[in-house]
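Right, one structure below, let's go through it.
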Ligand code: GLN
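Numbering (the numbering used here), first residue to last: 53 to 335.
And the structure:
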């Protein structure tokens, strides 16, 4: 890139380079340049004639190439917004997805009391636990993860957002919760089968595979969580699970077989049944 390029020139070049790789090339070109320059995106629009220096131009070019190779934007800029909260993310955690906001919505709709004991199993970046802590300051929220690296990301997010009341515990699903009872059990576990061609998308290759796939049996983690939930649920409490687009009937069947009632699935914005909830019987 030559020395006299303006912000607008750089954005045009980068947009052309990203076209065909990402859905919204101009938007991503702007987000990456704003990140490199350390300015709000609006500044690029208001000052298209600025001339970023050599260091910035070189760094921008390298970030654009990382994005062209498929690295998720969220890892490159180190952040992703979830439930309007800016969450730090690293390759130790799954990038929070918009469909997971549906799980947060259902949790809020199902339990409206100002106090509740809630657990988020496999919290990753902390997205679900943090969104709920933000919405319901009176709830007691626990979050578990088998990955210490993920817990470090989640804890740092809690600190950065001033939502430090969350209890973070290390372990697999209910393992660190012996004897503990909750009103709400929530999880977005890995649910993509190891041989699902969806995993071949370049972006997913950058994410922790343990957060995406349980192995050959796509339902393995969902089943384990459903099996473990009754001994940790208050009578009348709820479980809310995210799952794959084709898995709602299978998850519902597991829940019914385990004795849950009021089983209901909800569609995400793409129209896929993505979240299933069920109640542990009241009596
Ligand atoms: N929704 C994610 C995807 O399809 C998967 C998340 C998960 O396995 N929990 O990329």
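No residue lacks a Cβ here, since even glycine has one placed at the ideal position from N, Cα and C.
Give me the Cα-Cα distance between residue 323 and residue 84, rounded to the nearest whole angstrom. 30 angstroms
Tell me the rounded alpha-carbon separation between residue 112 and residue 188. 40 angstroms
Nearest by alpha-carbon distance to residue 71: which of 284, 102, 116 is it? 116
In the DSSP assignment, what residue or residues form a beta bridge with residue 125? Bridge partners of residue 125: none, in fact.
Return yes when the Cβ of residue 291 is within less than 8 angstroms of the Cβ of residue 330, no when it is not. yes
contact_flag[the segment 242–261, the segment 157–170] where n(CB pairs < 8 angstroms) is 3 or more: no
Among 284, 269, 225, whose alpha-carbon lies nearest the alpha-carbon of residue 231? 284
Rounded to whole angstroms, how far is the Cβ of residue 240 from the Cβ of residue 152, which I believe are closer than 8 angstroms? 5 angstroms
Cβ-heavy atom distance between residue 244 and ligand 1 below 7 angstroms? yes
Could you tell me how far apart the beta carbons of residue 174 and residue 234 are, in whole angstroms, since I believe they sit closer than 8 angstroms? Going by Cβ atoms, the distance from residue 174 to residue 234 rounds to 15 angstroms, so no, they are not a contact pair.
Taking the continuous alpha helix (DSSP H) assigned at residue 116, which residues delimit it? 106–120
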